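Novice: Under my numbering, read the sequence shown as residues 1047 to 1121, first letter to last.
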Amino acid sequence: MSLTALSSTALAANSDLGKLQVEADTIKVDSKNVLHAAGHAVITVGDTTIKMDKAAVSKKNGKTVIEAEPAKIRN
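1. Pull up the distance between the alpha-carbon of P1116 and that of I1089, whole angstroms please.
2. Measure the alpha-carbon distance for S1054 versus D1076 and round it to whole angstroms.
3. Looking only at its own chain, which residues have a Cβ that is under 6 Å from the Cβ of T1094, when we skip the five neighbours before and after it?
4. Smallest Cα separation from A1087: which of S1104, G1108, V1080, Q1067?
5. Mind pulling the beta strand (DSSP E) runs of 3 or more residues that sit fully within the region 1054-1111?
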């Protein structure tokens, strides 16, 4: 997963999801290449939008994993 943080926006390209866009008050990538978004976090994949207080985005077994709490999904 390729992640770039630019003014509280991160983009990840993944063949199974297309483009994943993350917006939040703060975005950090840790030493394990996990993206942590906190504060008014919004993840958009195609026509699907997920809003949450905080989220962690990682790659496991070739798939993108989004762990969020609490989350609201709109499609």
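All residues carry an ideal CB built from backbone N, CA and C; glycine is no exception. In this text, all values refer to a predicted model and were calculated from it rather than measured experimentally.
Specialist: With the structure as the only source:
1. Taking the straight line from one Cα to the other gives about 13 Å.
2. Note that S1054 scores 47 on pLDDT, short of 50, meaning its location in the model is unreliable; the coordinates nonetheless yield the value given after this. CA-to-CA, the gap between S1054 and D1076 works out to about 15 Å.
3. Cβ neighbours of T1094 beyond the five flanking positions: N1121.
4. Taking only the C-alpha atoms, the option nearest A1087 is Q1067.
5. DSSP runs (the beta strand (DSSP E)) wholly in the region 1054-1111: 1055-1060, 1064-1069, 1072-1075, 1081-1091, 1094-1106.
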